[in-house]
Every structure is written in structure tokens, then in C-alpha cells.
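Trainee: Just dropping this structure here.
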Amino acid sequence: MKPFAPTRRTFLKAGTATAALIGLGPSVLRQAAAQDADLAPYKSAKIDWQQTSGETITVAVIPASYFENLITLAPQFKALTGIDVRFEKIPPAQIRQKSVIDLTSKTGTYATHAADPMYYSLYAANKWVEPLDSYLADKTLTDADWFKFDDIIPAWRAADSVDGKLYGVPYDGEVTIQVYRKDLFDAKGLKPADDLETFVKNAAALNSPNDRIWGTALRGVAGAGQNMYIYPSIFREFGGEWFKGGKLTVNGPEAEKALAWYVDVMRNYAPTAAANWNWPDIADAFSQGTVASYIDAHSSASVINNPEKSKIIGKVGYARWPKGPTGKRVSSIWNWGFPINAAQSEKKKKATWLFIQWAASAETQARTAHRFAGPAKRSGVNRSSIWKDPDYVKLMNGFGDNFVETTMATLQSDTDVDWRPRVPQWPAIGDTMATAIQSALSGQATIKAALDDAQRRVEPMMRG
């Protein structure tokens, strides 16, 4: 090989490039240096981030602050990888429908999307998304020591897996916890409930509609991710099992007792309107001081602590899901994860994986959470290590008493990957169950009739 000897042409080219940089001025040079520093934590990974440079991928997300923070950082991903990412923001209900349509049509419109963990069984059964274990194992695509996949919260990883295979990587998630007005509890000498029976007693003690304070509220509006986000935990805590003798069973004694508890709480201690409330309605009512307690996603803490709207900042405490008659606590293990659309070209799949690895990495998780420059700070980071970071813990503890301890204890001890039936038929089953629950909550059907009707409806779905 001949040694390199610069010609007059190469010398002139180099001189022109240098002159161009000098002409841009010190501020641009400082910006370039700053960008290199910004990317340094990513470049420490022993992979070629530029291996699919020039690709363009479209990512569907919901319009939520935790994704808005990620979108803000997208220019950093472009600078790191050379990949253009187009984000499409779609409301939660529609994103499920649009993603399924895209996957079934095999158009590959969305390289990845914010996926409902309950849909992975459907995706995997139809081979619409890629198993991700091979991407994790490929040393040209993933630096295992840098990515530290095992640092991602185990319960959420389990929720995004089917039959031991990973199909999505969690980006942001939540668990259900008990939220209560510490000042009202203290005034009555009450403690947060350790079991469902005490939860009802606390609600009764604090219920005072004439003073516009109700004891509690739970999601009541029909939906696979609404009242069927709350009811399954109650069902499991009462000893309910989704599959008996290999058959999906949604009625029976345990189901009736669970639904009776739900109906009793909502009819006697919640505002009448709560039968049609979703979680934002509950959080808003609580923040205005009209609800004394509720059980819902831990992420609602950011809503009830909004200084521009909330009247109860500094008066909030948190505790784990109360135990059921079986002695079990069963929390949700919800997360928005990113799968890879199997209809894409191999190069686009690799580009998609690089995006997922970047978004789920500890560095990006921190940059979109406590190190984010904007006002919205994420409470659903996917990394156990960040939940132990003193800066993050300090920020989260600002939400109220025992927030971090409650969330971590719930994630580690109270989650049940099968808190809802993980089957390909879930979308239809979830909607059917949601309708049955709401009919009982509203008094349109008795508890037994509502559950028996749901059982009749789901059996053909499982056969089909």
C-alpha cells in the first residue's frame, strides 16, 4: 500500500472545508463540540450507530408528555445514526386500531409503535412483529454491556414477552397504587388500607357528599384499558383464575364477589359520574379536593401535583394495592413498549432496532426524565437503576409521602403478568368484559347476569 501523499486538489479541498468552518464562527464550532459531547455516552457503545444511515422510519406514539420528551431529543438520534425518524401522534384508542390495520395489511407504514402489552399475543400468533432476542444477541447491533437489558424493570419485560420470547422493549410504564389525602386521613386517625375491607371502611369514614367530598373513585367507563384496567386486579385478589381446566372463565363465585366489591364501592362512596370516568377525570377530581382516595396508575401523581391546577399539593400520600381476601396484592404491569414491524426490509428492521435501543437506553431514559430541560418529568422510566438515582428519587419524592417506596415495592412484589388473560383474542374479550362490568356498575344488569352474559359471549371467541 502506497503512503498517502496529498495532492494540490486534496489540499485545496481541505483548505476550503477549514475555511468554511472558520467562516461559520466560534458559536457554530462550540455547538459542534457540544453535540459531540452530547453523543459521547452513546458512542461508548461498541456498535456502529451509522450502519443504516440514510434510512427513514415512522414511529407511532400517543400524545403524552413522556413521548413528547423523546420527540424533543430526536435530533440527537439523527446526529448519532443518520436515521430520520418521523413521529405520528395518535390517541390511545386509535393507535391500537391503526397499528393492527398496518400490521395486517403488511404495508410497514409504522416501523414501530407504542404497543399495548395485551396485544403481543395477537401479534406473535400472526407473526406480525419480530422476536427481539436475536437483535439483543447480535453484537453488531447491540452492546450488551452498554445497553444493560436486565436493568429494564422485569415485570414490564415479562409483560412484553410471549412464551418466553421478547416482542417489545418497554419505554414507559406504570403500576396501580393507592393514592390518598394524607391530611384527611390524619384528621380522622386513619391509615392507608392494607386490605380491601379496610379500604371500604376508610372510604365510608371520609364520604361526605354534602361537603362535596367523596370517599373514593375507581375507573368506571367501559373499555379494555379502562374499567378492565381495574377489575382484573380485584378479580385476581378474590382468587379468580382466568383459565379453569384450560377454558377461559369470566364468571363464577370469585368473579361475582370481586364485581360485587367494585359495584359496592362505586355506588356508595364515589360520585355518581364516576361510573363514566377514566383516570384523568379521577385525578382532576382528586386534585380539586373532592375525592379522598383512589386506586390507579402511579403516573397520575404528576397530574395531581400540577402546581397550576392542583389544590392538594403537599397533602398526598401513597400506598400499595390493598390485599384481597386471598392475602394477595395484584397490581397492573402496564407499559408502552416498542416492537419491530415484521413487514419491513431487513435494513429498516435494523434501523428500527437502533431507534428502540436508543429510546430504551439508560441515557435516553434519564434525558427524558429528571435530566429533561422542560417542565414535564417522567415518572414511568423503564430502568431500575434510575429509580435508585438520588436525583431522580428526590424529584419523585416531591409527588408526596412514600411515592418512590410504594412504586418500587409494587413493581417488585405485587405484579402479576397474568392479571389479565393474555390471549390473541384479548381485544374482543376485553371489550366484552368491559361492557359487562359497566352494565353492573350502572345497575342495568345484576352482577351474576352481567358475568354470565359475558361468559356466553367470550366462549365463541375462544373457539374462533
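Add 299 to the 1-based position in the sequence shown for our numbering, that's all there is to it. Don't be surprised by glycine CBs; every beta carbon is placed ideally from N, CA and C. Remember, predicted model here, so these are calculated numbers, not experimental data.
#1: Within its chain, find whatever has a CB closer than 8 Å to the CB of A639; leave out the 5 residues flanking it on each side and keep chain order.
#2: Once DSSP output is grouped into helix, strand and coil, what is the label at E758?
#3: Given L547, which residues of its chain have a CB within under 8 Å of its CB, disregarding the five upstream and five downstream residues?
#4: In angstroms with no decimal places, state the Cα-to-Cα distance between D595 and W657.
#5: Have a look at A668 and M417 and give me their C-alpha separation to the nearest angstrom.
#6: Any idea what DSSP makes of D494, helix, strand or coil?
#7: Out of I356, A569, G488 and E553, which has the shortest C-alpha to C-alpha gap to T625?
#8: Taking C-beta to C-beta, are R666 and Y365 nearer than 8 Å?
#9: Could you tell me which of P362, T441 and W445 sits nearest to A413, measuring between CA atoms?
#10: Taking three-plus beta-carbon pairs below 8 Å as touching, is the segment 517-530 in contact with the segment 692-704?
#11: Between R385 and the rest of its own chain, which residues show a CB-CB distance below 6 Å, the 5 nearest in sequence each way excluded?
#12: To the nearest angstrom, report how far apart A591 and A502 are at their CA atoms.
#13: Taking the alpha carbon of P570 as the reference point, which residue from D337, T497 and S741 has its own alpha carbon closest?
#14: Can you give the Cα-Cα distance for K481 and K693, rounded to whole angstroms?
#15: With Y419 as the anchor, note down where its alpha helix (DSSP H) starts and where it stops.
#16: Please say whether V360 and D388 have beta carbons closer to each other than 8 Å?
#17: Just curious, the beta strand (DSSP E) that G729 is in, first and last residue?
#18: Just how far apart, CA to CA, sit P579 and I603?
#19: Would you list, in sequence order, the uninterrupted beta strand (DSSP E) runs of no fewer than 3 residues that lie entirely inside the segment 581-617?
#20: What is the rounded straight-line gap between the Cα of N526 and the Cα of D337?
#21: Looking only at C-alpha atoms, which of D415, K646, N368 and M695 sits nearest to P390?
#22: Under the assumption that F537 contacts A557 (Cβ atoms under 8 Å), give the Cβ distance between them as a whole number of angstroms.
#23: Run the CB neighbour count on T355, radius 10 Å, all protein chains shown included, and call it buried at 16 or more, exposed below.
#24: Can you tell me where the alpha helix (DSSP H) holding A554 begins and where it ends?
#25: Return helix, strand or coil for L431, following the three-state DSSP convention.
#26: Can you list, in chain order, the residues of its chain with a C-beta nearer than 6 Å to that of S398? Leave out the 5 residues immediately preceding and following it.
#27: Going by the DSSP bridge assignment, what does L465 pair with across the sheet?
Mentor: On the basis of the coordinates in this document:
#1: By one-based count along the sequence shown, residue 639 stands at place 340. Here residue 639 turns out to be Ile, not Ala, going by the sequence shown. Here the set comprises A410, T411, V428, E429, L431, Y434, K648, T651, W652 and I655.
#2: Residue 758 sits at position 459 when you count from the first residue of the sequence shown. Three-state DSSP puts E758 in a helix.
#3: Here residue 547 refers to the residue found at position 248 of the sequence shown. Excluding sequence neighbours, L547 sits near W541, P720, V722, I728, V757, E758 and M761.
#4: Residue numbering aside, residue 595 sits at position 296 when the sequence shown is read from its first letter. Residue numbering aside, residue 657 sits at position 358 when the sequence shown is read from its first letter. Roughly 29 Å separates the two Cα atoms.
#5: For the purposes of this step, residue 668 is taken as the residue at position 369 of the sequence shown. For the purposes of this step, residue 417 is taken as the residue at position 118 of the sequence shown. Using only the alpha carbons, I get a separation of about 26 Å.
#6: Against the sequence shown, residue 494 aligns to sequence position 195. Strand.
#7: On the sequence shown, residue 625 is found 326 positions in, with the first residue counted as 1. Out of I356, A569, G488 and E553, E553 has the C-alpha closest to the C-alpha of T625.
#8: The residue labelled residue 666 in the question sits at position 367 within the sequence shown. The residue labelled residue 365 in the question sits at position 66 within the sequence shown. Contact flag unset, no.
#9: As a working note, residue 413 is residue 114 in the sequence shown. Comparing Cα positions, the closest option is P362.
#10: No, the segment 517-530 is not in contact with the segment 692-704.
#11: Here residue 385 refers to the residue found at position 86 when the sequence shown is read from its first residue. Counting only Cβ-Cβ distances below 6 Å, and skipping sequence neighbours, we find T357.
#12: Mapped onto the sequence shown, residue 591 falls at position 292. Mapped onto the sequence shown, residue 502 falls at position 203. So the two alpha carbons sit approximately 8 Å from each other.
#13: Counted from its first residue, the sequence shown places residue 570 at position 271. Nearest option by C-alpha distance: S741.
#14: Counting from 1 along the sequence shown, the entry for residue 481 is found at position 182. Counting from 1 along the sequence shown, the entry for residue 693 is found at position 394. When only Cα atoms are considered, K481 and K693 end up about 20 Å apart.
#15: Numbered from its first residue, the sequence shown carries residue 419 at position 120. Its alpha helix (DSSP H) spans residues Y419 to A424.
#16: Taking the sequence shown and counting its residues from 1, one reaches residue 388 at position 89. Taking the sequence shown and counting its residues from 1, one reaches residue 360 at position 61. Checking the sequence, you will find Lys at residue 388 rather than Asp. For K388 and V360, yes; Cβs fall inside 8 Å.
#17: Reading the sequence shown from its first residue, position 430 is the one you call residue 729. In the DSSP annotation of this structure, G729 is not part of any beta strand (DSSP E); the continuous alpha helix (DSSP H) holding it starts and ends at W725 to L740.
#18: Here residue 579 corresponds to residue number 280 of the sequence shown, with the count starting at 1. Here residue 603 corresponds to residue number 304 of the sequence shown, with the count starting at 1. Approximately 10 Å between the Cα atoms of the pair.
#19: Entirely contained in the segment 581-617, the beta strand (DSSP E) runs reaching 3 residues are, in chain order, 592-596.
#20: Numbered from its first residue, the sequence shown carries residue 526 at position 227. Numbered from its first residue, the sequence shown carries residue 337 at position 38. When rounded, the separation of the alpha-carbon atoms in N526 and D337 is 43 Å.
#21: Working through the sequence shown from its first residue, we reach residue 390 at position 91. The option with the nearest alpha carbon to P390 is D415.
#22: For this step, residue 537 is matched to residue 238 along the sequence shown. For this step, residue 557 is matched to residue 258 along the sequence shown. Indeed they touch by this definition, with Cβ atoms about 4 Å apart.
#23: Position 56 of the sequence shown holds residue 355. If you draw a 10 Å sphere on the C-beta of T355, you find fewer than 16 other C-beta atoms in it, and that means exposed.
#24: If you number the sequence shown from 1, residue 554 lands on position 255. Where A554 is concerned, the enclosing alpha helix (DSSP H) stretches over P552 to Y568.
#25: Counting from one through the sequence shown, the residue named residue 431 turns up at place 132. Coil.
#26: Position 99 of the sequence shown, counted from the first residue, corresponds to residue 398. Hits under 6 Å: H412.
#27: Position 166 of the sequence shown, counting from 1, holds the residue named residue 465. Its beta-bridge partners are S460.
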